[in-house]
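One structure below.
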Amino acid sequence: MTPPFRAALFLALRRAGALIKRHIDRPNKVLFKGNSSINLITWVDSASDRLIRRIIQRRFPGHDFLTEESAPALKGSAFKWVIDPLDGTTNYAHHYPQCCVSIALEVRGEVLLAGVFDPFRDELFWAEKGRGAFMKTRGGSKRLRVSRTRRLKKSLLLTGFPYDRRERGDLYLSYVRAFLRKIQGIRRAGAAALDLCWVACGRVDGYWEWRLKPWDSAAGKLIVEEAGGRMSDFSGKPFSIYGEQTLATNGRIHKEMLRVMGNLRRR
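Going from the sequence shown to the numbering used here is simple: count from 1 and add 108.
See below:
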């Protein structure tokens with residue numbers, strides 16, 4: 109990827125992140141998507157979406173966009189920006205600072221450049237296909253590496269719950285119960301893109317979730333893989349950002365996690 113792509117990515121991430129950080133402690137009118145009472149949206153989601161698209165469109169007017177908060181803008185370009193302008197909206201609506209901005213550039217169906225910005229920790233995770241994954245902070249930049257944990261019993265995992273959890277909660281909790289017996293701990297942080305970045309930087313050893321959307325995982329996938337991690341579905345098949353199952357690990361505990369998931373499927 110050429111420098112103009114990276115410059116646009118970083119600028120959009122930081123500008124949107126500044127907007128999100130500036131308004132988190134202010135009262136936000138919360139709306140609901142469709143008939144859901146748990147799928148939230150605030151005006152900041154929409155404002156961040158407009159800001160990101162404006163920054164990128166000024167530089168690349170012919171590119172396509174797939175974002176969480178607006179209708180797809182697909183013109184048939186080989187370049188498509190996949191955007192979550194505020195990942196972790198439920199956290200944000202409750203003034204809980206675990207949320208981020210996620211942007212990926214997909215070229216002819218493959219993500220080649222990606223970034224996730226946590227404005228509350230000032231951590232910008234990014235990766236370029238074939239060139240590694242990195243984290244930029246005020247203190248500088250460092251290359252990301254997944255953890256070295258080799259056994260599931262010594263691992264810390266992250267998970268999340270989809271918006272249909274009231275209807276399928278028993279299924280999702282069956283995975284939590286199965287893993288609780290075999291690991292050191294499970295956390296539910298509430299921002300999928302950051303969860304993937306935390307696998308990439310070694311803060312956790314693995315993460316799984318059902319029914320993510322492309323904008324939830326597009327950037328994180330590249331960051332995890334460029335940091336040496338592995339991603340798949342729950343049966344070990346190649347991961348797709350358009351699929352229903354997300355499993356990300358440091359690679360070392362991947363087979364053990366798949367074994368647990370396989371036992372659940374056979375019940």
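Note that beta-carbon positions come from the ideal geometry of N, C-alpha and C, so glycine has one too.
This one's a predicted model, so the numbers in the text were calculated from it and none came from an experiment.
- Residue pairing by DSSP places V190 opposite L174 and A212 in a beta bridge.
- Measuring C-alpha to C-alpha distances from I132 to each of A356, I191, R256 and P227 identifies P227 as the nearest.
- Look at K250 here: in three-state DSSP terms it is strand.
- Counted as a single uninterrupted DSSP element, the beta strand (DSSP E) harbouring S340 occupies residues R338 to S340.
- Across the set V224, D195 and A235, the C-alpha of A235 shows the shortest separation from the C-alpha of L330.
- The beta carbon of I349 is closer than 7 Å to those of P322, S325, A326 and K329 in its chain, skipping five residues each way along the sequence.
- With a threshold of 16 other beta carbon atoms within 10 Å, D278 falls short and is exposed.
- L266 sits close to W306, with the two beta carbons spaced by under 8 Å.
- The three-state secondary structure of R114, taken from DSSP, is helix.
- Boundaries cannot be given for I132, as no beta strand (DSSP E) includes it and DSSP labels it neither H nor E.
- The count of Cβ pairs closer than 8 Å, one atom from the stretch 331–350 and one from the stretch 288–300, stays below three, leaving the stretches out of contact.
- Selection I128, F242 and F168 evaluated against P112 yields F168 as nearest (Cα-Cα).
- DSSP, reduced to helix, strand and coil, places A179 outside both helices and strands of the structure shown, so it counts as coil.
- Y204 sits in coil when the DSSP states are folded into three classes, being neither helix nor strand.
- From the listed residues I160, T150, N136 and T110, the smallest Cα separation to L121 is found for I160.
- For Y315, the three-state secondary structure derived from DSSP is strand.
- Beyond the five residues adjoining it in sequence on each side, K262 comes within less than 7 Å, by CB distance, of Q292 in the same chain, given in chain order.
- By the neighbour-count criterion, in which 16 or more other beta carbons inside 10 Å mark a residue as buried, A115 falls on the exposed side.
- The beta carbons of T197 and R360 sit no closer together than 8 Å.
- The stretch 217–274 is shown to contain whole beta strand (DSSP E) runs of 3 or more residues at 218–226, 231–236, 240–245, 248–251 and 264–267, in chain order.
- The DSSP-derived three-state label of P322 is helix.
- Contact between S249 and G310 fails: their C-beta atoms lie close to 16 Å from each other, not under 8 Å.
- In its chain, beyond the 5 residues on either side, L174 have a beta carbon closer than 6 Å to the beta carbon of P180.
- Between the alpha carbons of Q353 and L320 lies a distance of about 7 Å.
- DSSP places R367 in the helix class (H, G or I) of the three-state scheme.
- For L372, the closest C-alpha among the options V284, A300, A356 and E334 is that of V284.
- The alpha-carbon of K129 is positioned some 13 Å away from that of A155.
- The three-state secondary structure of G310, taken from DSSP, is coil.
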